[in-house]
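Count the sequence shown with the UniProt record's numbering and you get residues 1 to 118, in order.
For every residue, glycine included, the Cβ atom is placed at its ideal position computed from N, Cα and C.
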Amino acid sequence: MELLLVILIGLLYASGIFMMLRRSMVKLIIGLILLGNGANMLIFLLGRIVKGKPPLIESSAKMLTEIYADPVPQALILTAIVISFGLQSFAIILVKRAYKITDTDDLDELNTTDEIYE
1 MELLLVILIG LLYASGIFMM LRRSMVKLII GLILLGNGAN MLIFLLGRIV
51 KGKPPLIESS AKMLTEIYAD PVPQALILTA IVISFGLQSF AIILVKRAYK
101 ITDTDDLDEL NTTDEIYE
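Printed below as a string of C-alpha cells:
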C-alpha cells in the first residue's frame with residue numbers, strides 16, 4: 001500500500017511541476033493543484049498509515065496500550081487543504097481577471113503586453 005502511495009505522490013509531483021512549466025496560466029493553476037495534492041499525500045504517508053482507534057485515554061488507564069491513529073498529520077492535512085483551497089480560488093480569480101483584461105492566458109504574450117496597459 002505504501003509503495004502505491006509513493007508512486008502516486010511521485011506522479012502528482014511530476015505532473016504538477018510539468019504543468020507549472022507550461023505557458024498557459026490555466027495549466028499553471030492545475031499544476032499548483034496537483035502539487036498541493038501531492039504534498040498532502042506526502043504528509044499523510046509520513047504520518048504512517050495505521051488502522052487504529054482514536055487516541056483517547058480512558059479515565060482508569062494512565063497511557064495508551066493499543067494501536068492508535070496519530071491525529072497530528074490529520075490536522076496538518078486538513079489545514080493544508082483549507083489553505084490550498086483558498087490559494088486556488090484566489091489564483092483562479094486572478095487568472096480570470098487577467099484574461100478579461102488581456103484576452104490571452106499565454107504567459108509569454110502577457111510579458112509583451114506590459115507596455116500596452118500601462
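Among the options, whose alpha-carbon lies nearest the alpha-carbon of residue i?
| i | options | result |
| --- | --- | --- |
| isoleucine 92 | Val82, Met25, Leu4 | Met25 |
| serine 89 | Ile30, Met19, Ala14 | Ile30 |
| isoleucine 67 | Gln74, Ser60, Ile49 | Ile49 |
| asparagine 37 | Ile9, Lys100, Leu107 | Ile9 |
| glycine 47 | Ala61, Glu2, Ile7 | Glu2 |
| isoleucine 83 | Leu110, Lys27, Leu64, Leu32 | Leu32 |
So what does residue i bridge to, in DSSP terms?
| i | result |
| --- | --- |
| serine 24 | Asp106 |
Please check the pair residue i and residue j, which I expect to be a contact at CB under 8 Å, by giving their CB distance rounded to whole angstroms.
| i | j | result |
| --- | --- | --- |
| leucine 45 | leucine 12 | Contact flag wrong, Cβ pair sits at about 12 Å. |
| alanine 80 | asparagine 40 | 5 Å |
Does the beta-carbon distance from residue i to residue j come in below 8 Å?
| i | j | result |
| --- | --- | --- |
| glycine 16 | leucine 42 | no |
| arginine 23 | leucine 107 | yes |
| aspartate 103 | valine 95 | no |
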